[in-house]
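Following the UniProt record's numbering, the numbering of the sequence shown begins with 1 at its first residue and continues without gaps. Ideal Cβ placement from N, Cα and C applies to all residues, glycine included. This report refers to the structure that appears directly beneath it.
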Amino acid sequence: MIVSLGVLISACGIFSDDEVEQPRELVDIDASVELEELWTANIGNGQGDSYLHLGPSIDGQYIYAAANNGEVYSLNKETGDRQWQRDTDDVISGAIGVGGGMVVYGTLDAQVVALDADNGDELWRSSVSSEILAAPQTDGRRVVAQTVDGRLLALDAENGEQVWAYESSVPALSLRGSSKPIITGNTVVSGFANGMVAALDATDGFIMWEERVAVPQGRYDIERIIDIDGDPVLIGGTVYVGSFQGNLMGLDLQSGRIVWGMPGSTYRSLTLGLGNVYWANSESHLFAVQNNTDSEVWENDDLRLRRVTSPVAFNNYLAVGDFEGYLHLLSQIDGRIVGRTRVDSDGLRSNIVADGRMLYVYGNSGRLVAYRLP
C-alpha cells in the first residue's frame, strides 16, 4: 500500500491541542538577495492531480520538462525558446531523464518511453512490471528505471529490450514515491522502499554491493516505513542518501562501506556545500551538518511542516521550495533565509535544478521559471 505524505502526517499524530498542527506561517524577512527572473514557460498541466514529482533535466544547452498530461518540451536553457514540443497520449508519472541523445520518461500504465533529444520523435517504448514514479535515467547505453513494485530494470537504449532486473522486497506500507537511480561509469545505484541501497553492474546487473540504511522499528506498519525516496547523490566517490524514519549515510561507491552516518528522517535528497551536508527532515526543518561528522552547524525551523523540496546548493546559498509555491534562499553559512519569491500559487514539489548561477524551478501548475543571481 502506498500512502501520500499528507495522510502519513495525519496518521502519525503531529497534534497541537487535539488538532493537526498547521504549517508554519511565513514571516517577513530582510531580503539581501534578489533573483532575476529571465524567462517563464508553461509546461502542460504540470504535476496534474496526483502526488507526482516531475522534475526537469538539463543536458548541454537545453532543459527538458514533461507534464502529467503527456506534454514534453525541449527549451533553450538560456532564453526559454522552444526547440520542440511533443503532445503524447501518455499519462506521465516519472520524468524526466536525458542523456546519450535521448529523453526518457515513465508512465502510469507501466511503460518507459524514449524520445530523440534533438527533435522529440519517439524512438521506442517498453512495457515494464508496474507504474514508474521516478525519472528513468540513461547514459546512451542503458536506460534504468525503478518501478513501484520494487524492481530496478535495465533496458537496452537502442531498442528498449530488457537486459536485466533487480528485485527488492516491498513493505506492506510505503510513501508515494521512488528514488531516482543514478548511472556513473559502469555502475547503477538506487535506493528502495525497504531501506536498502544497491549498486549493480550496468552491463549485466551483477550485484556489486547492498547496504541497509534503515531498519524498520515499531509495532504498526506506519511506524515501520523506511522508504528511500530522495535521490542518491554522488559527490566524489561517496553516495549520500537518507531514509524516512531511519538514517543518513555516505557510502563508498566502490565497496558500499559506510564512510559517514547519523540518525535522521527524510524523504528528500541530501546536498553538499562549504564542507557541510544539508538536509530537510520529515517536518521540513533544514539542517547543516559538518561533513564526515554528526556535528550540527545550524538548524532552521522557519519552514516547519511546509513540505519543502530537497535543498539545492547554489553558489553560497541553499534553494528550497514549499507547498504554497514560495522559493526560499538560505545562507549556507548560518541558515538564515536571505531571499524569497513566489513562483507558483499551486505549490512547488519537484526538485529545483541548479546550473552555475542559474536556478530552474518547476511549479505544480506547470510553470517553469529560470532565475539568475544578479
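What's the gap between the Cα of residue i and the Cα of residue j?
i    : j    : result
D90  : N364 : 18 Å
L26  : Q254 : 44 Å
D231 : Q83  : 28 Å
A110 : S32  : 46 Å
V112 : A165 : 14 Å
L173 : T107 : 22 Å
N281 : V241 : 13 Å
G13  : A313 : Note that G13 scores 42 on pLDDT, short of 50, meaning its location in the model is unreliable and no value can be drawn from it.
W211 : S179 : Reading off the sequence, residue 211 comes out as Glu, not Trp. Distance between the alpha carbons of E211 and S179: 15 Å.
D17  : G246 : Caution is warranted here: a pLDDT of 46 is assigned to D17, below 50, making its placement in the model unreliable, and the coordinate value is therefore given only provisionally. Near 28 Å, if we compare the C-alpha coordinates of G246 and D17.
S126 : Q217 : 38 Å
D81  : W39  : 9 Å
N42  : S265 : 34 Å
I352 : L234 : 17 Å
E131 : G177 : 11 Å
T79  : D355 : 14 Å
K77  : L368 : 11 Å
W209 : A199 : 5 Å
S269 : V103 : 22 Å
L155 : G250 : 28 Å
Taking its Cβ as the centre, do 16 or more other Cβ atoms sit within 10 Å of residue i, making it buried, or is it exposed?
i    : result
D215 : The amino acid occupying residue 215 in the given sequence is Val; Asp does not appear at that position. That one is exposed.
S169 : exposed
V20  : exposed
R372 : exposed
D227 : buried
G6   : Bear in mind that the predicted position of G6 carries a pLDDT of just 49, short of 50, making it too unreliable to give a figure here.
Y220 : exposed
S50  : exposed
G140 : exposed
I92  : buried
A22  : The amino acid occupying residue 22 in the given sequence is Gln; Ala does not appear at that position. It counts as exposed.
N68  : buried
P311 : buried
Give the DSSP-derived three-state secondary structure of residue i in the structure shown.
i           : result
D201        : strand
D221        : helix
R125        : strand
S331        : strand
G347        : coil
S190        : strand
T138        : strand
G273        : strand
L115        : strand
S57         : strand
G363        : strand
residue 379 : There is no way to answer for residue 379, as the model of the chain reaches only from 1 to 374.
I96         : strand
V144        : strand
I29         : coil
F287        : strand
Q254        : coil
T293        : coil
V91         : coil
L234        : strand
residue 382 : With the chain running from 1 to 374 in the structure shown, residue 382 is simply not present.
Y51         : coil
I9          : With a pLDDT of 46 at I9, under the threshold of 50, the predicted position of this residue should be treated as unreliable, though the coordinate-derived value follows. Here I9 sits in helix by DSSP.
Please go through the same chain and pick out, in chain order, the residues whose beta-carbon is closer than 7 Å to the beta-carbon of residue i, but skip the five residues on each side of it.
i    : result
R24  : D302, L303, R304, L305, R306
W298 : A288, D334, G335
T203 : N186
Using DSSP's beta-bridge definition, name the partner residues of residue i.
i    : result
I228 : The partner list for I228 (beta bridge, DSSP) is empty, contrary to what the question assumes.
Y105 : V113
G261 : M249
V320 : H328
Measure from the C-beta of residue i to each C-beta in chain D and report whether the shortest distance is under 8 Å.
i    : result
N194 : You won't find chain D in this structure, because it holds only one protein chain.
Report all residues from its chain with a CB closer than 8 Å to the CB of residue i; omit the five preceding and five following residues, and keep chain order.
i    : result
Q332 : G273, L274, N276, Y278, A288, A313, N316, Y317, L318
H53  : Q47, L133, A134, G177, R349, S350, N351
V338 : I29, A31, S32, V33, Y317, L329, L330, S331
Beta-carbon within less than 6 Å of residue i's beta-carbon, same chain only, minus the 5 sequence neighbours each way: which residues are those?
i   : result
D59 : V98
A11 : Because A11 sits at a pLDDT of 42, beneath the cut-off of 50, its placement in the model cannot be relied upon, and the following sentence gives the value as read from the coordinates. Within the same chain, A11 has close Cβ partners I222.
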